[in-house]
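Peer 1: Let me begin by handing over the structure; questions about it come next.
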Amino acid sequence: MKVLLCLPLTMLLLLFQPWETQLQFSGPRCHAGPLDLVFVIDSSRSVRPFEFETMRQFLVGLLRHLDVGPNATRVGVIQYSSQVQSVFPLGAFSHREDMERAIRALVPLAQGTMTGLAIQYAMNVAFSVAEGARPLEEHVPRVAVIVTDGRPQDRVAEVAAQARARGIEIYAVGVQRADVGSLRTMASPPLDEHVFLVESFDLIQEFGLQFQGRLCAIDHCSFGNHSCQHECVSTLGGPQCGCREGHDLLPDGRSCQIRDLCNGVDHGCEFQCVSEGLSYRCLCPEGRQLQADGKSCNRCREGHVDLVLLVDGSKSVRPQNFELVKRFVNQIVDFLDVSPEGTRVGLVQFSSRVRTEFPLGRYGTAAEVKQAVLAVEYMERGTMTGLALRHMVEHSFSEAQGARPRALNVPRVGLVFTDGRSQDDISVWAARAKEEGIVMYAVGVGKAVGEELRQIASEPAELHVSYSPDFSTMTHLLENLKGSICPEEGISAGTELRSPCECESLVEFQGRTLGALESLTQDLAQLTARLEDLENQLAKQK
8 MKVLLCLPLT MLLLLFQPWE TQLQFSGPRC HAGPLDLVFV IDSSRSVRPF
58 EFETMRQFLV GLLRHLDVGP NATRVGVIQY SSQVQSVFPL GAFSHREDME
108 RAIRALVPLA QGTMTGLAIQ YAMNVAFSVA EGARPLEEHV PRVAVIVTDG
158 RPQDRVAEVA AQARARGIEI YAVGVQRADV GSLRTMASPP LDEHVFLVES
208 FDLIQEFGLQ FQGRLCAIDH CSFGNHSCQH ECVSTLGGPQ CGCREGHDLL
258 PDGRSCQIRD LCNGVDHGCE FQCVSEGLSY RCLCPEGRQL QADGKSCNRC
308 REGHVDLVLL VDGSKSVRPQ NFELVKRFVN QIVDFLDVSP EGTRVGLVQF
358 SSRVRTEFPL GRYGTAAEVK QAVLAVEYME RGTMTGLALR HMVEHSFSEA
408 QGARPRALNV PRVGLVFTDG RSQDDISVWA ARAKEEGIVM YAVGVGKAVG
458 EELRQIASEP AELHVSYSPD FSTMTHLLEN LKGSICPEEG ISAGTELRSP
508 CECESLVEFQ GRTLGALESL TQDLAQLTAR LEDLENQLAK QK
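Numbering (the numbering used here) for the sequence shown: 8 to 549.
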């Protein structure tokens, strides 16, 4: 029989009282086994200062009842509002005193309530091995405790389902104004063991008495009724089946099959690989077709766009992240049919000043653009986003810089990429860009300010604003931006650039030419008649 596995997180509701107070339990206290525990704390503006202080005291008090250590319980804390901030990751501290100091220094963000964004950050970043989580093969339970007092301002269902599918057990604790439906959507099953709601912060310690009977969990696998085909692992939520090396668990949660071939071979698929029995095939996004090589996808061949990218090169980005930004820009270029007649691309970097890396008219192929992007050198100064917007409006979309004349009706698209708050005013030139007919997209990473992103972007904001909490996870934004590039899905739909060689264009040209010749013939006839009349008059004078 495996050792008893503790549920230290169930003690959390008992500890919502001043951290100096020592809690008393009616039964024996558990010794925690290995556990990776991340607290996801709501610090939106609706959480009042004294309530946030209670949250802080709860975290400090909880730490004093956990078996904290590299081989026992590892604790991470993140807070969220309109953005996500790591207070400290799982691998940061081995001693609770260091954790307590970090928690006491915590300053609330006091913005919106983007709970879905916080869950995504926890899934992709907080529970990563790089942040201190133990590898999946060690079967250490991963538990996220979400404490919130409001309704999420973004979608939580899909990202919570993805987190649970990755083996993260989610407890949803709602206080006062929390939305019960959202809590149930986020939490792991069974919901009656993972969803908790109390009327106020003051009553949480009383509500915690309900958990005295669930402080420890026995080894569920020892009962022999788990029906696992290969291996059973006891977790906080009950038994979970595992598979031998090289095998993956099937949807029934019990059976195993040979690992997905797409995860074990260099398939080379540009977009997505799908296993089919003993083989695999490549798929493309909706609206794009697989090429003859069976791996790459066609580009947006009908698109005619003048696209200017404004890239934040401020010191907060940091050199290694700037390289990720350049890679992200080149992934955007991969979607485009770059050519003088198709899509033209220009790149501007901004920090305390603005520098055109290359204008719209310089490069005629995607390969040339991508090579130029990789050669861009990082500025590493301030963040003058307003100055960059002015430069874009006044210079980047000029015909001298390679933009096509407005008469051709080629869509003009500006994409601003930033990781922080601007140090100058952006309102005037953000509005001016849209008045000039430029369709604006705003991409924010890390500490980017949501209000500024919305001010930069065109309406509706949900289609023109994208955000990623971390540079390493921003590739998911590519599909959101595809609508700005592919005409069948985006702003260039309906735009028609007619080739002068097309039949209708030739007929139109011939019609205009014949009309001009007829007019010229009439003018020549009138001139001839006048000359003849002048000659007759001269003859009579002689």
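The C-beta atom is built at its ideal place from N, Cα and C for all residues, glycine as well.
1. Looking only at its own chain, which residues have a Cβ that is under 6 Å from the Cβ of residue 42, when we skip the five neighbours before and after it?
2. Could you check which residue in 389, 370 and 455 has the C-alpha nearest to that of residue 361?
3. According to DSSP, is residue 4 helix, strand or coil?
4. Quick one: using the 10 Å Cβ neighbour count with 16 as the cut-off for buried, is residue 547 buried or exposed?
5. Is the separation between the beta-carbon of residue 66 and that of residue 110 shorter than 7 Å?
6. Under the three-state reduction of DSSP, which class applies to residue 537: helix, strand or coil?
7. What number of angstroms, rounded off, separates the C-alpha of residue 544 from the C-alpha of residue 416?
8. Within 10 angstroms of the Cβ of residue 134, are there 16 or more other Cβ atoms? Answer buried if so, exposed if not.
9. Only counting the same chain, and skipping five residues up and downstream in sequence, which positions put a Cβ closer than 8 Å to that of residue 53?
10. Exposed or buried, what is residue 258 when buried is set at 16 or more other beta-carbons lying within 10 Å of its beta-carbon?
11. Report all residues from its chain with a CB closer than 7 Å to the CB of residue 192; omit the five preceding and five following residues, and keep chain order.
12. For residue 129, I'd like the list of residues in its chain whose CB is within less than 8 Å of its CB, leaving aside the five on either flank, ordered along the chain.
13. Please list the terminal residues of the continuous beta strand (DSSP E) segment that includes residue 129.
14. May I have the straight-line CA-CA distance separating residue 101 from residue 77, to the nearest angstrom?
15. Could you check whether the region 428–437 touches the region 394–406, counting it as contact only if at least three pairs of C-beta atoms, one from each stretch, sit closer than 8 Å?
16. Cβ of residue 69 within 7 Å of Cβ of residue 106?
17. Specify, as a first and last residue, the run of the beta strand (DSSP E) that residue 174 falls within.
18. For a test of the three-state rule: what should DSSP assign to residue 64, helix, strand or coil?
19. So, at 6 Å on beta carbons, what are the nonlocal neighbours of residue 457 in its own chain, with the 5 sequence-adjacent residues on each side left out?
20. Residue 188: buried (16+ other C-beta within 10 angstroms of its C-beta) or exposed?
21. Less than 7 Å separating the beta-carbons of residue 354 and residue 365?
22. Would you identify the three-state DSSP class for residue 57, choosing helix, strand or coil?
23. Checking the sheet assignment: what are the DSSP bridge partners for residue 434?
24. Tell me which same chain residues have a C-beta within less than 7 Å of the C-beta of residue 471, skipping the five on either side of it?
25. Any idea what DSSP makes of residue 146, helix, strand or coil?
26. May I ask which residues mark the beginning and end of the alpha helix (DSSP H) holding residue 189?
27. I'd like the list of long-range same chain contacts for residue 406, defined as Cβ closer than 8 Å, with 5 residues on each side in sequence excluded.
28. Quick check on residue 540: buried or exposed, where buried means 16 or more other Cβ atoms within 10 Å of its Cβ?
29. Compare the Cα-Cα distances from residue 262 to each of 301, 402, 269 and 248 and report the closest residue.
30. Could you check the C-alpha separation between residue 443 and residue 356 for me, to the nearest Å?
31. On a CA-only basis, which of 304, 288 and 334 is nearest residue 382? Give me that one, please.
32. Following a CB-centred definition, is residue 187 positioned closer than 6 Å to any heavy atom of the ligand NAD?
33. How would you label residue 410, buried or exposed, when you count the other beta carbons within 10 angstroms and need 16 or more for buried?
34. Pick from 145, 63 and 276: whose alpha carbon is nearest that of residue 108?
35. So residue 114 and residue 154 are supposed to be a Cβ contact under 8 Å. How far apart are they, rounded?
36. Going by DSSP, what residues sit across from residue 85 in a beta bridge?
Peer 2: Reading it off the structure:
1. 80 and 148
2. 389
3. Here the chain comprises residues numbered 8 to 549, so residue 4 is not present and cannot be evaluated.
4. exposed
5. Contact: yes.
6. It is helical.
7. 56 Å
8. Residue burial is scored here from C-beta neighbours: residue 134 has at least 16 other C-beta atoms within 10 angstroms and is therefore classed as buried.
9. Around residue 53, the same chain offers 120, 156, 157 and 184 as residues with beta carbons nearer than 8 Å, after the five sequence neighbours per side are excluded.
10. exposed
11. 163, 164 and 167
12. 45, 47, 85, 151, 170 and 175
13. That residue, residue 129, is in no beta strand (DSSP E); it is neither H nor E in DSSP.
14. 6 Å
15. yes
16. no
17. That residue, residue 174, is in no beta strand (DSSP E); it is neither H nor E in DSSP.
18. helix
19. 89
20. Around the beta carbon of residue 188, fewer than 16 other beta carbons lie within 10 angstroms, which makes this residue exposed.
21. If you check the CB distance, residue 354 and residue 365 come in under 7 Å.
22. helix
23. Beta-bridge pairing links residue 434 to no other residue.
24. Here the set comprises 447, 448, 449, 464 and 465.
25. coil
26. 187–193
27. Counting only Cβ-Cβ distances below 8 Å, and skipping sequence neighbours, we find 412.
28. So residue 540 ends up on the exposed side.
29. 248
30. 21 Å
31. 334
32. The ligand NAD is absent from the structure shown, which contains no ligand whatsoever.
33. buried
34. Nearest option by C-alpha distance: 63.
35. Not really, about 17 Å apart at Cβ, beyond 8 Å.
36. 47 and 93
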